[in-house]
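Heads up, the thing below is written out as structure tokens.
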Amino acid sequence: MSETSPAWQARLLLRAARSASLASSADGQPFASLVTPATTGDLGLLLLLSDLSEHTRHLRADPRCALLACGAAEEANPQTAPRVTVTGVAERVADPALKARYLAVHPYAALYADFGDFAIWRVRPMGGLLVGGFARATRLRGSELAPDPAAVAAIEAAASSIMGHCNDDHADALAAIAGAAGPWRMVGVDVDGCDLSDGEVSRRIAWPAPVADPSGVRAALVGLTRAARAGASGGRG
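Below, the structure written as structure tokens:
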């Protein structure tokens, strides 16, 4: 996959989204609500939903749904913002690892994530529409959106080691990449980038291009660190 491909752009938008619009169906009537997604390594979309919410009741009756994630507009016209809509089927999942993944990206949600009415739901993208800006739209199949399974498996197998090494030995590099004083910790890593957190908020850091294995992660981190430090030195000059 080219790093400039529509599928890559769509994945970056989905992985960076800290909020999104969820469209569900209420007895055939469309219904939109605000949600806060996180992603798994294979681009599953994770949502923390309350059983008391309207959209959760809708998903129980009809799990078909869509999510809209938006980037920043380039001009005053909001329609210049890149955005992606993905369609899929939502399922409630009772997997502690997925809950931990969600809370790594949304640490504030730990305040209520263990309430009895809250649960993690996962949406697997079945297709999507990327709008790269005003009048620039590309339809994408689910297979086009999905990252390479072999790369996903390789990085997931090494994720704990990668994060531990970076957090224990390279906190200064993470702060440089984050562009703000920390302490920053790497709380997630995948083929498209990594997530850094200071314990209150998280920041998504995209790789310059998709990576295929742990050595690709290392190369991407080295490049981002050098670029961040060079930029900081230039700013002081």
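Residue numbers (the working numbering): 184 to 420. Positions of the beta carbon are idealized from the N, C-alpha and C atoms, including for glycine. Since we're looking at a predicted model, the values are computed, not measured.
Contacts around residue i, its chain only, beta-carbon distance under 7 Å, and the 5 residues preceding and following it disregarded
i: L217; result: S202 and S204
i: G376; result: R198, R387, I388, A389 and W390
Residue from the options whose Cα sits closest to the Cα of residue i
i: V314; options: L323, M369 and D352; result: L323
i: V374; options: D210, T223 and F214; result: T223
i: E339; options: V370, H238, T321 and Q212; result: V370
i: R412; options: W390, A363, R368 and A395; result: A363
i: H238; options: A252, D352, A221 and E274; result: E274
i: R243; options: A354, S233, F317 and G414; result: S233
Residue i classed as buried or exposed, judged by whether at least 16 other C-beta atoms fall within 10 angstroms
i: A200; result: buried
i: V405; result: exposed
i: S343; result: exposed
i: L235; result: exposed
i: R409; result: exposed
i: A359; result: buried
i: P279; result: exposed
i: A336; result: exposed
i: S207; result: buried
Own chain residues within Cβ distance below 8 Å of residue i, not counting five before or after
i: A329; result: D225, L226 and P308
Contact with chain E by residue i, beta-carbon distance below 9 Å
i: L205; result: Checking the listed chains, one finds no chain E in this structure; it contains a single protein chain.
As assigned by DSSP and simplified to three states, the class of residue i
i: A252; result: strand
i: S202; result: coil
Beta-carbon contacts of residue i that lie in its chain and below 6 Å, excluding the five residues immediately before and after
i: R386; result: A361 and L379
i: G254; result: L196, A264 and P265
Are at least three pairs of beta-carbons, each pair with one atom in the region 263-272 and one in the region 288-296, less than 8 Å apart? No, the region 263-272 does not touch the region 288-296.
Given 8 Å as the limit, is there contact between the region 273-286 and the region 251-263, that is, 3 or more CB pairs closer than that? Judged by pairs of C-beta atoms under 8 Å, the region 273-286 does not touch the region 251-263, as fewer than three such pairs exist.
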